[in-house]
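Offset between the sequence shown (1-based) and full-length UniProt numbering: plus 29.
One structure is given below, encoded as structure tokens.
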Amino acid sequence: LQLTLALFKPDITRVPHVLKAIRQRIVEEEFFIIRNKELRLTREETEQFYIEHQGKFFYNRLVTFMSSGPTQALILAHEDAIKRWRHLMGPTKVYKTKFEAPSTIRGMYGLTDTRNSTHGSDSPDTAAKEIAFFYPEFSI
Ligand code: ATP
Ligand code: MG
Numbered sequence: 030l031q032l033t034l035a036l037f038k039p040d041i042t043r044v045p046h047v048l049k050a051i052r053q054r055i056v057e058e059e060f061f062i063i064r065n066k067e068l069r070l071t072r073e074e075t076e077q078f079y080i081e082h083q084g085k086f087f088y089n090r091l092v093t094f095m096s097s098g099p100t101q102a103l104i105l106a107h108e109d110a111i112k113r114w115r116h117l118m119g120p121t122k123v124y125k126t127k128f129e130a131p132s133t134i135r136g137m138y139g140l141t142d143t144r145n146s147t148h149g150s151d152s153p154d155t156a157a158k159e160i161a162f163f164y165p166e167f168s169i
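Shown next as structure tokens:
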């Protein structure tokens, strides 16, 4: 089984019915939830996590948003977990989700291109790095 790192972002972590619906989708799609914890990222931790986006026009907005409230970090396992989770999340851009993928997580709960509900690792290398970032004690 492949592992991926999923985040529930601060726009949804205090909205119980959205959390419940997303958890239900995760179970329906037969992911295993290996780890799950809630934490609040500092600004510095967020900058580190999104270092690849440093310099982009949305970077500051993204860092401010992600450090503005609690985040849930999950390790998910599935055959082809990385692609499957990103498929379930839907496209990054919210206008695209509304027209092309309305039943994805971002299609249903995404508010803007920044406040888009969830994160998912984009490659096996990234997944390993991101799992170590949130779960340094977890060894693959
Ligand atoms: P994620 O990494 O969160 O799973 P992603 O891989 O679909 O999302 P990235 O290109 O890695 O998208 O961007 C990381 C995050 O930065 C996005 O999830 C979103 O919150 C924010 N972001 C990306 N593009 C934009 C944009 N054009 N305007 C505003 N925010 C953006
Ligand atoms: Mg990404």
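Heads up, the beta-carbon is just placed ideally off N, CA and C, and yes, glycines get one too.
This structure is a prediction, so every number in the text was calculated from the model and none was measured.
The Cβ atoms of T141 and T133 do not sit closer than 9 Å to each other. DSSP places N65 inside the beta strand (DSSP E), whose first and last residues are 61–68. The stretch 40–125 contains, as complete alpha helix (DSSP H) runs of 4+ residues, the segments 45–57, 72–78, 88–95, 110–118 (chain order). Listed in chain order, the non-local C-beta contacts of H116 below 8 Å within the same chain comprise T133, local neighbours out to five positions each way being set aside.
Three or more pairs of CB atoms, one per stretch, sit closer than 8 Å, so the stretch 33–41 contacts the stretch 101–110. T143: not part of any beta strand (DSSP E); DSSP gives it neither H nor E. Shown here, T33 sits in a strand according to DSSP, grouped into three states. For F163, the uninterrupted alpha helix (DSSP H) segment begins and ends at 153–163.
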